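Protein chains in written order, with our numbering: chain A, 1 to 334; chain B, 1001 to 1423.
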């Protein structure tokens, strides 16, 4: 049974954690793609910026967390959401809108987003340095150990407080996004514009407002995802540059422009990654006696060594592009 | 070639010339020669990117990957033979492993032909997928012991000791080969997908080179890489670098002439037609995806070749030294600032931006030394210890700013494409 608990800890819990992060990032990417028609390379750095914003706020208001009983970084999240959403809109006004007004090809916006991502990179490195930081310098990271009521187990299920918060927050985000997209005027306008922007324009939808709303949502999700990831792991400047590929893979797997697809894609990519690097010999070892004698179970048996984890989202991406470029949920843009 | 028509070109190249003279006077010959030789290598990279972006409108965000392939293949071909390895058991084990992989590949190819015995449709796809997963699993778990053996016995497999130039060409071909497969998967789709895929493949190539110690010595790095011209150890820094610069300058000139001819030829015209209006070009019967693939493969091959020349010049193969910033985005700035779809613009952009990039280092250090000084004098500000390192890291901000500003204010670059007229 210990092995099974190990599997749950390493695959089910880690997979849903990283999958939630990817899902949150992919929703942001996919919304921007649906409305503005370009792959936003700066989304990952927006996430990192959100994490650093939370770090700054947490440093400014250190007493807040213990009062409420949650990590300070999480408690200040509304503040960083506010700032990052405003920041995302500002970036759009400064760098993307002038290009849109000139009616350039969408790929030009992609190049501009590359420029934006490099600028964010530079600013973060200048003000925060390159060394990793942690949110839990003064506060303890609570870890829940859940005892499994079986005679034969000695291991516990392990899940940390930030991870619980992450899963709860992700669910709240998804539900409220769903409500927003289906119940409000603005949400419906967004969906209309994502389906057909010319038609949306002639039916009197204020496209500027829709674009703004898109950036606000993208900023909000980026702040949440970045902060929660930094709470779970560690805060460093290249935190999210490694996330770019999995996030894009998740968005494309789910069908670009499809927020619900992005959630499925995020979880798919997250679980594939953890399953691929999982050491399967742990699960095989208890059955060693049932194998013929010449079969020897190696000490490590995984699909991909941990160093090459980035191969997993890439393979998923390429496979989807070859077999089903519209993604599982049939996104409209190819 | 009248002066008035090419005023812009003369002006910009003259200012680069002045900058070079100033650098020679301030920093000495050896430094200026190193800078120019590297700038010439970057010019090859910029030419490769300019035919992808400028001629064909393809977004390649994986320059670093192709540079790394070029660099690695050059190292593999030109680095002296590691006799320890060839005399050890590792060589035999590696041979055995390669044979095993040949069998695996044959089996997988066999399964892809399974429709011949009547298994089609979904079942075939599922079988192929299962075969691929198993093949990868076998590959991965067979490789580990071989790699460990080689690393323990002889460090790494070393090179083949062949001429450097051969390595450069092979590096370009290897990059083109990788580009072919990427292009095949992504070129029929939106430009964004190519950008994402190239970004991914670049990171994967870097990860492999960094972690496969038996191939590359990983973080231990390999040096000194051989040069096709006498090295500084033989004839001193100035003479050796001058020789290398002469060689790279000739390469750039030859490539420039060839590309210029290709640009003017019907083939180049067709490429521009596809870039400007792919629907019209398709209506004229042009195979757009095939042509784009040609462009992408050619450009990536050039980037691989340029990368090989660049890495050889640095004399050290260090997988961690490949960064998206230096090998992808810097080249992008060169092309965007210099002028996409104009080879002269790309060369100008490469030299000018590289000079600015290098000079940015002392300028940033000077600037931040003052920030530290006056910050502590006026505001009693305690600067962090790593301020200087941060200042250098922050140069990436200016790279990004240049990209966005160039897009907004000089969308066609400083030396824009000249629309030719038929007379």
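Every residue gets a Cβ at the ideal spot worked out from N, C-alpha and C, and that includes glycine.
Note that the structure is predicted; figures quoted are calculated from it, not measured.
Outcome for residue 1089(B) when other beta-carbon atoms lying within 10 angstroms are tallied against a minimum of 16: Reading the second chain from its first residue, position 89 is the one you call residue 1089(B). Residue 1089(B) should be labelled exposed.
C-alpha distance - residue 73(A) paired with residue 217(A), whole-angstrom precision: As a working mapping, residue 73(A) is identified with position 73 in the first chain. As a working mapping, residue 217(A) is identified with position 217 in the first chain. Rounded to the nearest angstrom, the two C-alpha atoms are 20 Å apart.
One or two residues paired with residue 146(A) in a DSSP bridge: Counting from one through the first chain, the residue named residue 146(A) turns up at place 146. Bridge partners of residue 146(A): 157(A).
is_contact[residue 153(A), chain B] using C-beta, thresh 8 Å: Position 153 of the first chain holds residue 153(A). With 8 Å as the cut-off, residue 153(A) does not count as an interface residue toward chain B.
Collapsed DSSP secondary structure at residue 1065(B) in the structure displayed: Residue 1065(B) sits at position 65 when you count from the first residue of the second chain. Correct three-state label for residue 1065(B): helix.
Of the residues 47(A), 97(A), 58(A), 44(A), the one placed nearest residue 207(A), counting alpha carbons only: Within the first chain, residue 207(A) is the residue found at index 207, counting from 1. Nearest C-alpha to residue 207(A): 97(A).
Beta-carbon gap between residue 1196(B) and residue 38(A) smaller than 8 Å: Position 196 of the second chain, counting from 1, holds the residue named residue 1196(B). Position 38 of the first chain, counting from 1, holds the residue named residue 38(A). Not in contact: residue 1196(B) and residue 38(A) (Cβ atoms no closer than 8 Å).
Segment contact flag, the stretch 261-270 of chain A with the stretch 14-21 of chain A, C-beta cutoff 8 Å, min 3 pairs: yes
Cβ distance (whole Å) where residue 303(A) is taken to contact residue 1136(B) below 8 Å: The residue given as residue 303(A) occupies position 303 in the first chain. The residue given as residue 1136(B) occupies position 136 in the second chain. Correct: roughly 7 Å between the Cβ atoms.
Counterpart residues of residue 46(A) in DSSP-defined beta bridges: Stepping through the first chain from its first residue, residue 46(A) is reached at position 46. DSSP lists no partner for residue 46(A).
Contact list for residue 1404(B) against chain A, beta-carbon separation under 7 Å: For the purposes of this step, residue 1404(B) is identified with residue 404 of the second chain, where counting begins at 1. The contacting residues are 95, 112, 115, 116.
Cut-off 7 Å between Cβ atoms - residues of its own chain near residue 1004(B), not counting five sequence neighbours on either side: As a first step, residue 1004(B) must be located in the second chain, where it is residue number 4. Contacts found: none.
Closer than 7 Å at the beta carbon, the chain B residues around residue 52(A): Locating residue 52(A) in the first chain gives position 52, where the first residue counts as 1. Within 7 Å Cβ-Cβ: nothing; residue 52(A) doesn't reach chain B, min ~14 Å.
Beta-carbon proximity check, residue 1156(B) vs residue 1217(B), cutoff 8 Å: Your numbering for residue 1156(B) matches position 156 in the second chain. Your numbering for residue 1217(B) matches position 217 in the second chain. Closer than 8 Å, so yes.
Reference residue 120(A); option with closest CA among 99(A), 145(A), 103(A), 88(A): The count along the first chain starts at 1 and reaches residue 120(A) at position 120. Checked all of 99(A), 145(A), 103(A), 88(A); the closest Cα to residue 120(A) is 88(A).
Cβ neighbours of residue 1019(B) in the same chain (closer than 6 Å, five flanking residues each side left out): For this step, residue 1019(B) is matched to residue 19 along the second chain. Answer for residue 1019(B): 1355, listed in chain order.
Sheet register partners of residue 235(A) (DSSP bridge): Taking the first residue of the first chain as position 1, residue 235(A) is located at position 235. DSSP lists 133(A) as partners of residue 235(A).
Residue 1057(B), enclosing alpha helix (DSSP H) - first and last residue: Your numbering for residue 1057(B) matches position 57 in the second chain. From DSSP, residue 1057(B) is part of no alpha helix (DSSP H); its letter is neither H nor E.
Complete runs of the alpha helix (DSSP H) confined to the stretch 75-100 of chain A [at least 4 residues]: 77-91
Which listed residue (189(A), 204(A), 56(A)) has its alpha carbon closest to that of residue 75(A): Taking the first chain and counting its residues from 1, one reaches residue 75(A) at position 75. It is 56(A) whose Cα lies nearest to the Cα of residue 75(A).
Interface partners of residue 98(A) on chain B, CB under 8 Å: Sequence index remark: in the first chain, residue 98(A) carries index 98 (1-based). Per Cβ cutoff of 8 Å: 1408.
Beta-carbon spacing of residue 263(A), residue 327(A) below 8 Å: Position 263 of the first chain, counted from the start, is the residue given in the question as residue 263(A). Position 327 of the first chain, counted from the start, is the residue given in the question as residue 327(A). Result no, Cβ atoms of residue 263(A) and residue 327(A) do not sit closer than 8 Å.
Cβ of residue 132(A) within 8 Å of any chain B Cβ: Residue mapping note: residue 132(A) aligns to position 132 of the first chain, counting from 1. False, the Cβ-Cβ gap to chain B never drops below 8 Å.
Cβ of residue 287(A) within 8 Å of any chain B Cβ: Counted from its first residue, the first chain places residue 287(A) at position 287. Chain B, which has no Cβ nearer than 8 Å to the Cβ of residue 287(A), makes this no.
Near-chain E residues of the stretch 1191-1205 of chain B - C-beta to any C-beta below 9 Å: Among the chains of the structure shown, chain E does not appear; the protein chains present are A and B.
Residues near residue 1061(B) in its chain [Cβ-Cβ closer than 6 Å; skip 5 each side]: By 1-based counting over the second chain, the position of residue 1061(B) is 61. Once the five neighbours on either side are set aside, the close Cβ partners of residue 1061(B) are 1195, 1198, 1199.
is_contact[residue 1386(B), chain A] using C-beta, thresh 8 Å: The residue labelled residue 1386(B) in the question sits at position 386 within the second chain. Yes, its Cβ sits closer than 8 Å to a Cβ of chain A.
Closest by C-alpha distance to residue 215(A), when choosing among 275(A), 187(A), 71(A), 149(A): The residue labelled residue 215(A) in the question sits at position 215 within the first chain. It is 187(A) whose Cα lies nearest to the Cα of residue 215(A).
Residue-level contact to chain A via CB, residue 1396(B), 8 Å cutoff: On the second chain, position 396 is the one that residue 1396(B) refers to. Chain A contact via Cβ: present.
Outcome for residue 1246(B) when other beta-carbon atoms lying within 10 angstroms are tallied against a minimum of 16: As a working mapping, residue 1246(B) is identified with position 246 in the second chain. Answer is exposed; the Cβ neighbour count stays below 16.
Own chain residues within Cβ distance below 8 Å of residue 1343(B), not counting five before or after: By 1-based counting over the second chain, the position of residue 1343(B) is 343. These residues qualify, in order along the chain: 1047, 1050, 1256, 1259, 1260, 1263.
Boundaries (first-last residue) of the alpha helix (DSSP H) holding residue 117(A): For the purposes of this step, residue 117(A) is taken as the residue at position 117 of the first chain. 106-128 is the span of the alpha helix (DSSP H), which, as asked, contains residue 117(A).
Members of the stretch 1225-1247 of chain B near chain A, C-beta cut-off 9 Å: none
Classification of residue 1203(B) by the beta-carbon crowding that lies within 10 angstroms, buried from 16 upward: Locating residue 1203(B) in the second chain gives position 203, where the first residue counts as 1. Answer is buried; the Cβ neighbour count reaches 16.
Chain A contacts from the stretch 1363-1382 of chain B (Cβ-Cβ distance under 7 Å): none
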